[in-house]
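Report on the following structure.
Numbering (our numbering), first residue to last: 10 to 339.
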């Protein structure tokens, strides 16, 4: 991956340097530091400036993606935040739909050996709290937000290139990820960093929205297995060891880990439009066919995640500055 991103930045004529992360307890990893136009919400929008480049590529301009797809098809990260898609859906359409189409065209032209598309369980809509039903590869699509609608459209585009052009594709739909280096706008890092700043944790609605949590290393391992052994044209669902835990229960666990009083640390806020009540993923297909299963239990690795944010405050404090503060106030 480091070589791939170096090639990408070279193709885009960006100045960059590579540094090994000082990250005890985790596998060796690297960060890229470069000058980048802040056109994506994950980057600060003050024009060209030096940023920490975290080993992935944020929303490279759609019209430029064709230049680096050959041999580097796994380094583009699509827009992945539901709340932002509600505030500005056009950006998500451009990146998640048009961006996917440009990548597919380039992959077909350069005859890449495999094109893997990472998607979300949110394309399936919501499940009832009153049942034990889980999403499977056969669940019909019912996206509820602009974000999930654009991801659903991208899924269909990928499948169409398999059927129409015989592009060798695979697709995976994952549940909610957690772990180190996640942007502090997301639920778990927002809760942890707010508590570290002695701020309250905002909880939508009644807090009883239920999610399936997947540790990021398990997700990466699943993608690697699919890339190497997945059946072309197939879809695989990827879920975690913890199914059906409510948002309010997650915050309670975080407060316990951080020795915070739960009742004094939360505030209920107005629910967001189209908020899905429950997600739960059946990952039996990838287990049965590719012998993958999650290996990180939620509570143990949530504690390690809390420790990571506690010990790396300089990283997330930069991420919560500038444009993020404007978004957070909305």
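Positions of the beta carbon are idealized from the N, C-alpha and C atoms, including for glycine.
Would residue i be called buried (16 or more neighbouring beta carbons within 10 Å of its own) or exposed?
i	result
residue 238	exposed
residue 300	exposed
residue 188	buried
residue 57	Caution is warranted here: a pLDDT of 40 is assigned to residue 57, below 50, making its placement in the model unreliable, and no coordinate value can be reported.
residue 265	exposed
residue 138	exposed
residue 306	exposed
residue 203	buried
residue 304	exposed
Could you tell me which of the options sits nearest to residue i, measuring between CA atoms?
i	options	result
residue 172	143, 117, 278	117
residue 121	228, 294, 176, 216	176
residue 216	144, 314, 98, 257	257
residue 197	315, 323, 324, 330	315
residue 281	303, 241, 155	155
residue 160	138, 134, 142	134
residue 278	212, 195, 149	212
residue 182	194, 294, 218	294
residue 106	163, 137, 143	163
residue 241	190, 178, 253, 109	178
residue 287	140, 108, 114	140
residue 311	289, 276, 186	186
residue 283	218, 201, 102	218
residue 298	110, 194, 327, 243	243
Since residue i and residue j should fall inside the 8 angstroms C-beta cutoff, what is the C-beta to C-beta distance between them, to a whole number of angstroms?
i	j	result
residue 184	residue 248	5 angstroms
residue 210	residue 260	5 angstroms
residue 285	residue 153	5 angstroms
residue 251	residue 227	Incorrect: roughly 11 angstroms between the Cβ atoms, too far for contact.
residue 144	residue 223	Not a contact, Cβ separation roughly 13 angstroms.
residue 262	residue 308	6 angstroms
residue 136	residue 319	About 34 angstroms separates the two Cβ atoms, so there is no contact after all.
residue 328	residue 149	About 36 angstroms; that fails the 8 angstroms criterion.
In this structure, how does DSSP classify residue i when only helix, strand and coil are distinguished?
i	result
residue 324	helix
residue 220	strand
residue 74	Legend: pLDDT at residue 74 = 44, less than 50; position of this residue unreliable, value from coordinates given subsequently. DSSP places residue 74 in helix when its eight states are reduced to three.
residue 211	strand
residue 192	coil
residue 246	strand
residue 185	strand
residue 319	helix
residue 293	helix
residue 157	helix
residue 329	coil
Practice task
Count the CB pairs spanning the region 263–279 and the region 230–237 that are closer than 8 angstroms, and state whether there are at least three.
Solution key: No, the region 263–279 does not touch the region 230–237.
Problem - Stretch pair the region 163–172 + the region 124–133: three plus CB contacts closer than 8 angstroms - result: Contact between the region 163–172 and the region 124–133 is present, because at least three Cβ pairs lie under 8 angstroms.
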